[in-house]
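Student: First, the structure itself, so that you have it in front of you.
Protein chains: 2
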Amino acid sequence: MIKVVARSVAIQGKEDEIIALSKELVLESRKEVGCIRYEMYQDQKNASVFTMIETWQDEETFQKHKETPHVKRIVPQLNALRVEKAVVDVYTLVI
Amino acid sequence: MIKVVARSVAIQGKEDEIIALSKELVLESRKEVGCIRYEMYQDQKNASVFTMIETWQDEETFQKHKETPHVKRIVPQLNALRVEKAVVDVYTLVI
């Protein structure tokens, strides 16, 4: 199992656009083989900070995810609304 | 529901000590009222990076967690094995 934490910061005022765009990405990603969980969160203290927390069956399904049409189409659009690209940490479970 | 992502970096060579100490913290935390999920992850690219990903029923149960004996006893010991205190982001679910 693989956990992905992808944290990004919206350009001020672009939060609603990011949420709308992300909805499609989240819903499409949840349909993928190997996608155990795919959720978008907003930081309590800073409403411009959004974090995707994803759980993938294995490395292979996660790598395939990155090559899907919806990721290739939507992520560049999201990046245009972000201060910078998302910081993506990929984890494996310890406890 | 509240999601907590607490990322910290181990002092080089202290990784095994951190894992051993964290195990007690994780197992005790999972017993708490309102604790939906409490897991420790290790970064795939940097084995010194550990992240707790926690799901709490609400703000109240999360605040109580921070006052528990096991947190008060173990977290300072963990901090002594870390490069610096954990960076804790608290999130609410958007999608």
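Quick mapping for you: the protein sequence lines, in order, are chains W and X.
Using the UniProt record's numbering, the first residue of the first sequence is number 1, and each one after it goes up by one.
Using the UniProt record's numbering, the first residue of the second sequence is number 1, and each one after it goes up by one.
A virtual CB, placed ideally from N, CA and C, is assigned to each residue, including glycine.
Which residues, in chain order, does the stretch 19–35 of chain W contribute to contact with chain X at a C-beta distance below 7 Å?
Tutor: I19, S22, K23, V26
Student: Following a CB-centred definition, is W/E32 positioned closer than 7 Å to any heavy atom of the ligand FAD?
Tutor: With respect to small molecules bound, the structure shown includes none, and the ligand FAD cannot be examined in it.
Student: Candidates X/T92, X/K85, X/I95, X/V94: which alpha carbon is nearest X/A6's?
Tutor: X/K85
Student: Considering only C-alpha positions, which residue in the set X/I95, X/I36, X/D89, X/P69 is nearest to X/S8?
Tutor: X/D89
Student: Can you give me the Cβ contacts of X/T92 inside the same chain, cut-off strictly under 7 Å, excluding the 5 residues immediately before and after it?
Tutor: I2
Student: If I follow the unbroken beta strand (DSSP E) through X/I2, where does it start and stop?
Tutor: 2–9
Student: Between the Cα of W/L21 and the Cα atoms of W/A80, W/V94, W/I95, W/V87, which residue gives the shortest distance?
Tutor: W/A80
Student: Taking a Cβ distance cut-off of 7 Å, strictly less, list which residues of the stretch 61–93 of chain X are near chain W, in chain order.
Tutor: D89, V90, Y91, T92, L93
Student: Applying the 10 Å Cβ sphere with the 16-neighbour rule, what's the burial state of X/A10?
Tutor: buried
Student: What is the DSSP secondary structure of X/I36, reduced to helix, strand or coil?
Tutor: strand
Student: At a CB-CB cut-off below 9 Å, which residues of chain X make contact with W/K3?
Tutor: What W/K3 touches in chain X, judged by beta-carbon distance under 9 Å, is E39, Y41, T51, I53, going in chain order.
Student: Listing by chain order, which chain X residues have their CB less than 7 Å from the CB of W/Q44?
Tutor: V90, Y91, T92
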